Amino acid sequence: MAVSKCARLSGASIGDLLDSVDSVLFDCDGVIWRGDQAIPGAPEVINSLKKGGKRVFFVTNNSTKTRKMYADKLGKLGFNAREDEVFGTAYCSAVYLKTVCKLDGKVYLIGSNAMRQELETMGIQAVGVGPDHISGVQNDWANVPLDPEVKAVLVGFDEHFSYAKLNRALQYLCNPECQFVGTNTDTRLPLEGDKAVPGTGCLLKAVETAAQRQAQVVGKPSSFMFKCVASQFVLDPNKCLMVGDRLDTDIMLGSSCGLKTLLTLTGVSTIADVEAHQRSGCPIRQEMVPDYYVDSIAEILPALQG
Ligand SMILES: [Mg+2]
Numbered sequence: 043m044a045v046s047k048c049a050r051l052s053g054a055s056i057g058d059l060l061d062s063v064d065s066v067l068f069d070c071d072g073v074i075w076r077g078d079q080a081i082p083g084a085p086e087v088i089n090s091l092k093k094g095g096k097r098v099f100f101v102t103n104n105s106t107k108t109r110k111m112y113a114d115k116l117g118k119l120g121f122n123a124r125e126d127e128v129f130g131t132a133y134c135s136a137v138y139l140k141t142v143c144k145l146d147g148k149v150y151l152i153g154s155n156a157m158r159q160e161l162e163t164m165g166i167q168a169v170g171v172g173p174d175h176i177s178g179v180q181n182d183w184a185n186v187p188l189d190p191e192v193k194a195v196l197v198g199f200d201e202h203f204s205y206a207k208l209n210r211a212l213q214y215l216c217n218p219e220c221q222f223v224g225t226n227t228d229t230r231l232p233l234e235g236d237k238a239v240p241g242t243g244c245l246l247k248a249v250e251t252a253a254q255r256q257a258q259v260v261g262k263p264s265s266f267m268f269k270c271v272a273s274q275f276v277l278d279p280n281k282c283l284m285v286g287d288r289l290d291t292d293i294m295l296g297s298s299c300g301l302k303t304l305l306t307l308t309g310v311s312t313i314a315d316v317e318a319h320q321r322s323g324c325p326i327r328q329e330m331v332p333d334y335y336v337d338s339i340a341e342i343l344p345a346l347q348g
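Residue numbers (this note's numbering): 43 to 348.
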């Protein structure tokens, strides 16, 4: 089947697309780096875009790092990047709790130290980071001591996730006044060599299942990620380009917020995935079809240097 919307970006069309935008939002993993290695040519692309006057933002669902940790990683890999250009879900969840939930109290955090730091920067105290072990019998679990100041449960990536944490989250969420927020719903974190490990979506699903409640999700494809950037920098969606490797998060976010969308094939999604969405005839799946695609973002470099 011919791919009509998802056009391969090449030649003069690259320059035309870049001329039509003033801001470019990049997903990170699978787009500008893979694990700890920059995608070849990616630092030059980012640095040239900025040199040419474009605003660049880094928008990632990964909740394991603070803005500062991302800025440090970007710098180490050769990207010219500032902390305030980074929008990870550790930071965005803290903004969400403060501005949307208007949280007045503590957070029970299933997550990392990085998430706790971002919450603290926003003036929100978090409890629960680190291992939690179950003890006693079932009746003890149902009466586990709770902090009365906790007014929200936040679930992000937590390598210490356990039955004890799941139970504690459930006990907090039995109170209907307790707010329930998740960083993102990514089910797997892809690794090199077709390997993968369970993602935050698995942990969030477990807590949702136990609590019989749905979390408010901050990360892509939730439009909050774009709103968070747009609230700090004046952005016209028509003049923004979202670049990502995942159709269900990056491209979906771009489409639903009215941004132009570019899929890069250095990460998770493939052209076969795009074609399946196009063939489906389903309006929601159509939103996951990008406007353009490239094999790697390095392909746009000649247009920036020319
Ligand atoms: Mg990605």
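Glycine residues also receive a C-beta, built at the ideal position from the N, C-alpha and C atoms. Please read these numbers as outputs of a predicted model, since none were measured by experiment.
Where does residue i fall in DSSP's three states?
| i | result |
| --- | --- |
| residue 151 | strand |
| residue 55 | helix |
| residue 257 | coil |
| residue 190 | coil |
| residue 203 | coil |
| residue 230 | strand |
| residue 221 | strand |
| residue 350 | Residue 350 lies beyond the stretch modelled for the chain, which goes from 43 to 348, so this question has no answer here. |
| residue 169 | strand |
| residue 215 | helix |
| residue 288 | coil |
| residue 353 | Outside the modelled stretch of the chain, which goes from 43 to 348, sits residue 353, for which no answer is possible. |
| residue 296 | helix |
Can you check DSSP and say which residues form a bridge with residue i?
| i | result |
| --- | --- |
| residue 75 | 71, 80 |
| residue 97 | 65 |
| residue 130 | 102 |
| residue 282 | 65 |
| residue 334 | 49, 304 |
| residue 240 | 230 |
| residue 197 | 152, 224 |
Please report the distance separating the alpha-carbon of residue i from that of residue j.
| i | j | result |
| --- | --- | --- |
| residue 187 | residue 209 | 11 Å |
| residue 337 | residue 287 | 10 Å |
| residue 158 | residue 167 | 8 Å |
| residue 206 | residue 175 | 6 Å |
| residue 225 | residue 136 | 10 Å |
| residue 342 | residue 86 | 10 Å |
| residue 335 | residue 227 | 24 Å |
| residue 311 | residue 304 | 12 Å |
| residue 230 | residue 69 | 16 Å |
| residue 109 | residue 328 | 32 Å |
| residue 320 | residue 182 | 52 Å |
| residue 291 | residue 189 | 34 Å |
| residue 141 | residue 255 | 22 Å |
| residue 56 | residue 81 | 19 Å |
| residue 116 | residue 160 | 18 Å |
| residue 277 | residue 65 | 8 Å |
| residue 234 | residue 78 | 11 Å |
| residue 200 | residue 244 | 11 Å |
| residue 309 | residue 94 | 26 Å |
| residue 250 | residue 61 | 44 Å |
Can you find a heavy atom of ligand 3 that lies under 7 Å from the Cβ of residue i?
| i | result |
| --- | --- |
| residue 288 | Absence of ligand 3 from the depicted structure is noted, with ligand 1 being the only ligands included. |
Round the Cβ separation of residue i and residue j to the nearest angstrom and send it over; I've been treating them as touching at under 8 Å.
| i | j | result |
| --- | --- | --- |
| residue 346 | residue 90 | 4 Å |
| residue 92 | residue 98 | 6 Å |
| residue 280 | residue 300 | 7 Å |
| residue 48 | residue 263 | Between residue 263 and residue 48 the Cβ distance is about 17 Å, and since that is not below 8 Å, they are no contact. |
| residue 194 | residue 216 | With a Cβ gap of about 14 Å, residue 194 and residue 216 do not count as contacting. |
| residue 151 | residue 196 | 5 Å |
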